[in-house]
Amino acid sequence: MHTRIGPVLFVVAALSVLSPTSVQAAENFEEAMQAVSEAMLAHDLEKALSLTRAAHTLAETPEEHCGTYVLEGSLCERLKRNVEAREAFRAALAVEGIDPDKRFSVYMLITFTYDSTEEAAAIQATYAEALKEDLSPPWRCVALAGFAGACEQEGEHGAALAAYDEILRTEGATPEQKARAHEAIGDIHVEQEEYEKALEDYVKALTLPDAAIRMFKPICCGVGKALMGLGRHAEARQVLLTCAENEDLPTPARDTAFWLLIDSLEEQGAAEEAGQLEKQRWELDSDQKLDRDLVLKAQSDYKAASLLAIGRHYKDTGRGEAALAACEAILELPGISPDRKSRALLAIGALHLEQGNRDEARKAFERVVQMEEAPAEVREEAQAHLDEMD
Numbered sequence: 034m035h036t037r038i039g040p041v042l043f044v045v046a047a048l049s050v051l052s053p054t055s056v057q058a059a060e061n062f063e064e065a066m067q068a069v070s071e072a073m074l075a076h077d078l079e080k081a082l083s084l085t086r087a088a089h090t091l092a093e094t095p096e097e098h099c100g101t102y103v104l105e106g107s108l109c110e111r112l113k114r115n116v117e118a119r120e121a122f123r124a125a126l127a128v129e130g131i132d133p134d135k136r137f138s139v140y141m142l143i144t145f146t147y148d149s150t151e152e153a154a155a156i157q158a159t160y161a162e163a164l165k166e167d168l169s170p171p172w173r174c175v176a177l178a179g180f181a182g183a184c185e186q187e188g189e190h191g192a193a194l195a196a197y198d199e200i201l202r203t204e205g206a207t208p209e210q211k212a213r214a215h216e217a218i219g220d221i222h223v224e225q226e227e228y229e230k231a232l233e234d235y236v237k238a239l240t241l242p243d244a245a246i247r248m249f250k251p252i253c254c255g256v257g258k259a260l261m262g263l264g265r266h267a268e269a270r271q272v273l274l275t276c277a278e279n280e281d282l283p284t285p286a287r288d289t290a291f292w293l294l295i296d297s298l299e300e301q302g303a304a305e306e307a308g309q310l311e312k313q314r315w316e317l318d319s320d321q322k323l324d325r326d327l328v329l330k331a332q333s334d335y336k337a338a339s340l341l342a343i344g345r346h347y348k349d350t351g352r353g354e355a356a357l358a359a360c361e362a363i364l365e366l367p368g369i370s371p372d373r374k375s376r377a378l379l380a381i382g383a384l385h386l387e388q389g390n391r392d393e394a395r396k397a398f399e400r401v402v403q404m405e406e407a408p409a410e411v412r413e414e415a416q417a418h419l420d421e422m423d
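In terms of the working numbering, the sequence shown is numbered consecutively and its last residue is 423.
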């Protein structure tokens with residue numbers, strides 16, 4: 034959960050294009066930063082670091098002092114001198130008069146100097162310190178998510194769940210942040226083998242807008258693991274295949290889905306099928322070019338497959354209302370394919386019919402029949418239901 038995002042450097046404005054100079058000859062902060070910029074463009078990081086340190090004496094405003102320390106720390110990190118980087122970042126935090134949200138970006142830079150696996154406790158402590166700042170709601174949620182991720186790494190699931198729960202209760206948290214929090218809670222429940230609880234949070238995550246591209250672990254993988262934990266391997270594989278076989282999705286995300294598919298098949302004793310999928314996995318394109326619109330459409334597809342599989346599980350376990358809610362949520366997904374939409378409507382019609390809501394069932398079946406792009410077998414099944422109802 035410790036995710037690196039683009040750090041905010043406060044010296045960007047100072048790195049404007051000016052005439053060539055050196056710090057020794059610089060008469061002001063802007064000229065000093067130009068010299069640093071030229072050294073960086075020449076890929077001479079040692080010189081850039083030396084010039085940055087010399088430029089401290091020319092900084093006048095709190096933003097310039099803070100920004101110079103941030104740049105010094107960033108250069109030290111790039112030079113793999115993490116202790117020096119942290120010292121510089123700490124010096125930036127000591128500058129008074131800096132906006133709390135900007136200060137938080139410095140805390141994040143500090144966390145990036147630690148190994149997310151071996152030094153999770155240090156990352157946890159850094160985020161805990163950042164949470165004492167008067168952060169705006171969205172940035173506080175970023176800090177809470179970082180803290181929770183470090184807690185998970187340390188095996189402190191209770192503290193992680195509490196942090197995610199605070200995100201959900203934070204007024205001003207974005208829908209995407211709430212979706213990620215629900216997903217993370219679901220992941221923890223899967224790890225603790227609380228699969229029904231996991232599905233509840235995955236449904237909440239799937240019904241919130243989240244337009245971010247998922248490079249590594251798509252939510253359908255968590256849904257797949259929960260369904261496998263409940264013994265529903267067939268449904269789990271159907272969900273995972275929508276990710277693994279979609280060439281529009283990022284290769285790392287597809288790779289994760291393939292691994293879970295292979296594990297499921299091996300657990301079920303289908304070694305030959307698992308071997309075939311292993312070959313497909315090795316053939317994944319490692320040098321792909323992504324189209325954002327196609328990726329988001331593909332993500333809607335595996336979200337729809339996830340909700341439909343969860344809906345089936347709820348139907349089979351006597352939770353008709355929950356099943357109906359899951360299937361109806363599919364219709365709200367952006368860019369949903371006619372195939373997924375028609376299957377969702379078919380399931381909605383069947384659920385209404387089972388509950389005695391014949392008028393609502395008829396409406397759903399009629400919508401399917403009228404969808405020219407829907408698969409023939411789906412339209413035929415909907416028509417068969419209508420014929421039986423007449």
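All C-beta atoms, glycine included, are put in the ideal place defined by N, C-alpha and C. Here the structure is a predicted model, which means the values were calculated and not measured.
Item	Value
Same chain only: Cβ atoms within 8 Å of VAL128, ignoring 5 sequence neighbours per side	PRO95, HIS98, CYS99, TYR102
Candidates GLU93, ALA75, SER83, of which the one nearest PHE62 by Cα	GLU93
Whole runs of the alpha helix (DSSP H) within the segment 280-323, excluding any shorter than 4 residues	284-300, 304-315
Contact the segment 407-423 vs the segment 373-388: 3+ CB pairs below 8 Å	yes
Any alpha helix (DSSP H) of 4 or more consecutive residues that is wholly inside the segment 149-191	153-163, 170-186
Where the alpha helix (DSSP H) containing GLY264 begins and where it ends	GLY264 -> no alpha helix (DSSP H), and no H or E assigned at all.
Nearest-angstrom Cα separation, counted from HIS418 out to GLU399	10 Å
Helix, strand or coil at ASP77 according to DSSP, with G and I counted as helix	coil
Contacting residues, own chain, Cβ-Cβ under 8 Å from LEU329 (five flanking each side not counted)	ALA244, ILE246, PRO367, GLY368
Cut-off 7 Å between Cβ atoms - residues of its own chain near GLU299, not counting five sequence neighbours on either side	ALA307
8 Å CB neighbourhood of ALA170 in its chain, flanking five on each side removed	According to the sequence as given, residue 170 is Pro; it is not Ala. Closer than 8 Å at Cβ, skipping near neighbours: THR203, GLU204, GLY205, ALA206.
Start-to-end residues for the alpha helix (DSSP H) that takes in ASN61	Counting along the chain, ASN61 falls outside any alpha helix (DSSP H), and DSSP gives it neither H nor E.
Same chain, Cβ closer than 7 Å to LEU194, neighbours up to 5 away in sequence not counted	ILE218, ILE221
Residue from PRO242, VAL236, GLU79 whose Cα sits closest to the Cα of GLY255	VAL236
Rounded Cβ spacing between LEU260 and VAL272 (contact assumed at less than 8 Å)	7 Å
Helix, strand or coil at ASP420 [DSSP, three-state]	helix
CB of PRO371 within 8 Å of CB of GLU406, strictly	yes
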